[in-house]
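Below is one structure, written out as structure tokens; comments come after it.
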Amino acid sequence: MSIEFSEQEQIRRQSLEELYKLGINPYPAELFEINATATEILEDFPSNTHMFQDVKIAGRIMSRRIMGAASFIELQDITGRIQLYFKRDDICPGEDKTMYNTVFKHLLDIGDIIGVSGFVFITQMGETTIHVREFKLLSKSLRPLPIVKEKDAVVYDAFTDPEQRYRQRYVDLIVNPEVRKTFVKRAAILNSMRQFLNGKGYLEVETPVLQPLYGGAAARPFKTHHNALNSTLYLRIANELYLKRLIVGGYDGVFEFAKDFRNEGMDRFHNPEFTQMELYVAYKDYEWMMNLVEEMVENVALSTNKNTKITVGENTIDFKRPWKRFTMYEAIEHYTGIDISKMDEKQLTETAKKLGVNVDDCMGKGKLIDEIFGETCEPKLIQPTFITDYPVEMSPLAKKHRTKEGLVERFEAIVNGKELCNAFSELNDPIDQRNRFEAQLELGKRGDEESMVLDEDFLRALEFGMPPTAGLGIGIDRLAMIMTNSHSIQDVLFFPQMKPEIKSLASSVDDFVAKGIPAEYAQLVMKSGFTTLESLKTATPSKLFNDICGLRKKMKLDIKAPSIDDVTTWVANAGK
RNA sequence: GACAAUGUAGCUCAGCUGGUAGAGCAUCGCCCUUUUAAGGCGGGGGUCCUGGGUUCGAAUCCCAGCAUUGUCACCA
Numbered sequence: 000m001s002i003e004f005s006e007q008e009q010i011r012r013q014s015l016e017e018l019y020k021l022g023i024n025p026y027p028a029e030l031f032e033i034n035a036t037a038t039e040i041l042e043d044f045p046s047n048t049h050m051f052q053d054v055k056i057a058g059r060i061m062s063r064r065i066m067g068a069a070s071f072i073e074l075q076d077i078t079g080r081i082q083l084y085f086k087r088d089d090i091c092p093g094e095d096k097t098m099y100n101t102v103f104k105h106l107l108d109i110g111d112i113i114g115v116s117g118f119v120f121i122t123q124m125g126e127t128t129i130h131v132r133e134f135k136l137l138s139k140s141l142r143p144l145p146i147v148k149e150k151d152a153v154v155y156d157a158f159t160d161p162e163q164r165y166r167q168r169y170v171d172l173i174v175n176p177e178v179r180k181t182f183v184k185r186a187a188i189l190n191s192m193r194q195f196l197n198g199k200g201y202l203e204v205e206t207p208v209l210q211p212l213y214g215g216a217a218a219r220p221f222k223t224h225h226n227a228l229n230s231t232l233y234l235r236i237a238n239e240l241y242l243k244r245l246i247v248g249g250y251d252g253v254f255e256f257a258k259d260f261r262n263e264g265m266d267r268f269h270n271p272e273f274t275q276m277e278l279y280v281a282y283k284d285y286e287w288m289m290n291l292v293e294e295m296v297e298n299v300a301l302s303t304n305k306n307t308k309i310t311v312g313e314n315t316i317d318f319k320r321p322w323k324r325f326t327m328y329e330a331i332e333h334y335t336g337i338d339i340s341k342m343d344e345k346q347l348t349e350t351a352k353k354l355g356v357n358v359d360d361c362m363g364k365g366k367l368i369d370e371i372f373g374e375t376c377e378p379k380l381i382q383p384t385f386i387t388d389y390p391v392e393m394s395p396l397a398k399k400h401r402t403k404e405g406l407v408e409r410f411e412a413i414v415n416g417k418e419l420c421n422a423f424s425e426l427n428d429p430i431d432q433r434n435r436f437e438a439q440l441e442l443g444k445r446g447d448e449e450s451m452v453l454d455e456d457f458l459r460a461l462e463f464g465m466p467p468t469a470g471l472g473i474g475i476d477r478l479a480m481i482m483t484n485s486h487s488i489q490d491v492l493f494f495p496q497m498k499p500e501i502k503s504l505a506s507s508v509d510d511f512v513a514k515g516i517p518a519e520y521a522q523l524v525m526k527s528g529f530t531t532l533e534s535l536k537t538a539t540p541s542k543l544f545n546d547i548c549g550l551r552k553k554m555k556l557d558i559k560a561p562s563i564d565d566v567t568t569w570v571a572n573a574g575k
């Protein structure tokens with residue numbers, strides 16, 4: 000048995016061998032048909048004890064209580080946990096007690112997946128339990144699970160370390176049932192929105208993730224390369240410009256649940272890849288879109304939580320329509336008492352400084368207003384609130400306001416102090432759009448890494464004529480965070496981005512072998528503390544020899560002890 | 001990117017002003033036929049994140065690095 004395994008892993012691998020010797024396949028190929036689930040039984044049996052007298056159920060062993068010839072285990076399936084009762088003489092009616100004494104008691108472990116058949120009864124302790132007649136190993140688990148216990152709703156030894164939870168989400172999902180629920184809810188959010196939009200007759204579409212030009216948002220992209228085309232491609236930061244091309248093409252409503260990628264900082268609200276739902280509807284404007292967002296999100300709350308009121312951290316957020324509406328200037332005036340609507344750039348800079356907002360010289364008027372808003376208003380907007388009418392400088396894809404100079408027809412919904420969605424009356428004037436792109440190019444030349452690039456094909460599409468269109472982008476991860484009361488985006492993504500794990504040990508065994516040390520001894524050398532050739536050079540051969548022999552004995556390895564001369568040679572060769 | 005905290009057994013964590021590591025659960029052996037965060041007795045298990053330094057001696061003190069978490073900055 001190799002030494003790279005912990006004691007518990009070694010024991011499980013030995014169990015695996017013994018199972019094979021007994022003629023039991025620990026990974027059988029054939030299906031195991033079930034006819035009940037844990038929750039069904041727990042809910043229905045007590046009121047009708049004639050049911051479930053021939054149940055088949057499958058799941059993972061989560062705990063064991065063995066008392067000689069009788070045992071209880073807890074089995075976990077997708078619906079929950081149910082207790083199983085194993086009695087030796089029922090499992091093994093004949094003389095041969097191997098299936099109970101050896102297989103069940105010694106070769107099965109917590110974490111193994113089994114299928115059982117039996118009948119349901121209630122123990123003296125009052126717990127609904129399956130009395131097992133037969134069991135079958137469906138998959139042997141070779142790693143020990145974290146053991147989480149619970150009594151009276153108090154959880155003991157909870158598996159909470161975020162790093163392990165995110166890196167080994169499968170373990171998190173096994174031992175933390177509420178995590179599974181979070182992702183079920185996330186799926187319900189998507190379903191609810193999809194149903195809502197399909198119900199309105201809009202078309203769900205798919206557009207390229209790999210794009211020769213990135214556009215539709217202000218963000219830095221991931222860059223990649225296509226070999227056959229020998230050209231640079233970018234992972235999309237948004238799909239806006241593609242969906243609008245489809246509106247030009249004649250669809251009157253298109254939407255896409257889109258994975259977008261932004262090469263920027265990470266924190267509890269930002270993951271490099273995230274999901275947005277973008278929707279474009281022809282012949283509509285942003286006023287109309289506000290009503291749709293309200294209706295859709297209220298709908299999501301109702302279908303995922305059966306209530307428009309959602310508890311998020313310390314707040315209770317009510318998604319019941321209608322939501323509060325402020326123009327950006329009104330919001331700033333409301334929270335600071337200052338009317339900035341008539342101010343020029345200089346006055347805005349002074350106001351920003353007075354309000355303690357960070358400013359720098361390259362900020363234009365739009366950026367200043369946005370900063371003031373972000374600093375003084377956004378965190379205070381807990382209940383769903385629409386903020387409308389943004390400065391034109393910040394919104395190169397939005398249509399100029401029908402009456403207000405210098406503004407665009409744009410809104411964001413702010414919930415719990417954070418942006419939830421962003422929408423506008425889409426700019427469909429190709430001449431204006433070209434000018435706005437060119438203004439962005441200027442920003443780019445001045446060093447703004449997030450400025451948009453000019454998309455000539457998109458302009459060509461607009462030149463054919465796009466109907467007046469309302470567009471929306473709504474952050475699915477943020478919505479999921481709110482609906483599931485999650486503190487961090489990592490809690491609503493199965494596999495949040497992490498730095499790669501570093502594993503040095505396994506990769507360097509070969510280096511030792513290359514220097515003439517047999518593989519089985521190379522592991523012992525490393526276990527003795529010499530994990531690199533560099534360090535082995537400095538080893539004292541007699542000490543290393545002793546350590547290796549000691550380890551060999553300790554690990555009960557079935558290999559011959561090396562000679563002191565062998566070890567001396569290894570140390571000498573390590574330096575060559 | 002800045003600051004702070006954390007990194008010890010499979011898991012959750014102790015480990016004081018430096019003296020080469022402990023607990024509970026898990027695991028292994030024995031006992032136990034309705035138990036329940038089962039119980040009793042006994043055993044094993046550790047590169048104290050990594051690399052340097054100080055010291056007679058480092059899990060502990062210092063420096064550097066890595067990873068995670070939190071706050072801020074950047075960013076939707």
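Read the first sequence against numbering that gives the first Met the number 0 and you will find it ends at 575, with the numbers running on by one and no gaps.
Quick reminder that beta carbons are idealized off the backbone N, C-alpha and C, glycines included.
Asked	Found
At which residues does the alpha helix (DSSP H) containing R11 begin and terminate?	E6 to K20
In or out: L504 buried (at least 16 other Cβ within 10 Å) or exposed?	Below a pLDDT of 50, predicted positions are generally treated as unreliable, and L504, at 42, falls in that range; the measurement from the model is reported next regardless. It counts as exposed.
Starting from the C-beta of L144, find all residues in its chain whose C-beta is less than 7 Å away, skip the five residues before and the five after it, and write them out in chain order.	I109, G110, V170, I173 and V174
On a CA-only basis, which of G117, R261, T231 and T128 is nearest P220? Give me that one, please.	R261
According to DSSP, A257 sits in a beta bridge with which residue or residues?	Q275
My assumption, with CB atoms under 8 Å, is that V391 sits in contact with L406. Please give the rounded CB distance.	6 Å
Reducing DSSP to helix, strand and coil, say where L202 ends up.	strand
What three-state label does DSSP hand K135 in the structure shown?	strand
For K283, does the count of other Cβ atoms within 10 angstroms reach 16, so buried, or fall short, so exposed?	buried
By Cβ distance below 6 Å, which residues in the same chain neighbour S450 in space, the five residues on each side in sequence not counted?	Q439, L442 and G443
Just verifying my parser: in three-state terms, what is the DSSP assignment at E162?	helix
Going by C-alpha distance, which of F494, T48 and L137 is nearest E29?	L137
Are at least three pairs of beta-carbons, each pair with one atom in the region 96–106 and one in the region 7–18, less than 8 Å apart?	yes
Quick check on DSSP: helix, strand or coil for L106?	helix
In this structure, how does DSSP classify F44 when only helix, strand and coil are distinguished?	coil
Who pairs with P390 in a beta bridge, going by DSSP?	L406
By DSSP, does R59 sit in helix, in strand, or in coil?	strand
Evaluate S424 with the Cβ neighbour count: other Cβ atoms within 10 Å of its Cβ, from every protein chain shown; 16 or more gives buried, anything less gives exposed.	buried
Can you give the Cα-Cα distance for P271 and G264, rounded to whole angstroms?	8 Å
By DSSP, does H336 sit in helix, in strand, or in coil?	The sequence given here places Gly at residue 336; His does not occur at that position. Reduced to three states, the DSSP call for G336 is coil.
Consult DSSP for Y250 and reduce its assignment to one of helix, strand or coil.	coil
What is the residue span of the alpha helix (DSSP H) that L74 lies within?	Per DSSP, L74 belongs to no alpha helix (DSSP H); it is in the beta strand (DSSP E), A69 to D76.
Specify, as a first and last residue, the run of the beta strand (DSSP E) that S116 falls within.	I112 to I121
In angstroms with no decimal places, state the Cα-to-Cα distance between M482 and T315.	11 Å
Which residues bound the alpha helix (DSSP H) around V292?	Y285 to N304
Give me the DSSP bridge partner(s) of R577.	A query on residue 577 cannot be resolved here, the shown segment of the chain reaching from 0 to 575 and no further.
Measure the alpha-carbon distance for S1 versus G125 and round it to whole angstroms.	With a pLDDT of only 46 at S1, under 50, the local geometry of the prediction cannot be trusted, and the value read off the model is given with reservation. Distance between the alpha carbons of S1 and G125: 46 Å.
Assess, as a yes-or-no matter, whether the region 243–254 is touched by the region 228–235 under the definition of 3 or more beta carbon pairs within less than 8 Å.	no
Relative to the C-alpha of F325, which candidate in F385, K352, A351 and T310 has its C-alpha closest?	F385
Whose CA, out of I33, R80, F410 and P429, lies closest to the CA of W287?	F410
Between the region 297–312 and the region 191–206, can you find at least three pairs of beta-carbon atoms closer than 8 Å?	yes
Indicate whether the contact test is met: 3 or more Cβ pairs, each with one atom in the region 48–62 and one in the region 88–96, closer than 8 Å.	no
By Cβ distance below 6 Å, which residues in the same chain neighbour I72 in space, the five residues on each side in sequence not counted?	I60, R63 and L83
What number of angstroms, rounded off, separates the C-alpha of L209 from the C-alpha of R235?	6 Å
When you compare each of I77, A69 and T78 to K86 by their alpha carbons, which one comes out closest?	A69
Starting from I430, follow the alpha helix (DSSP H) in both directions and report where the run begins and ends.	P429 to K444
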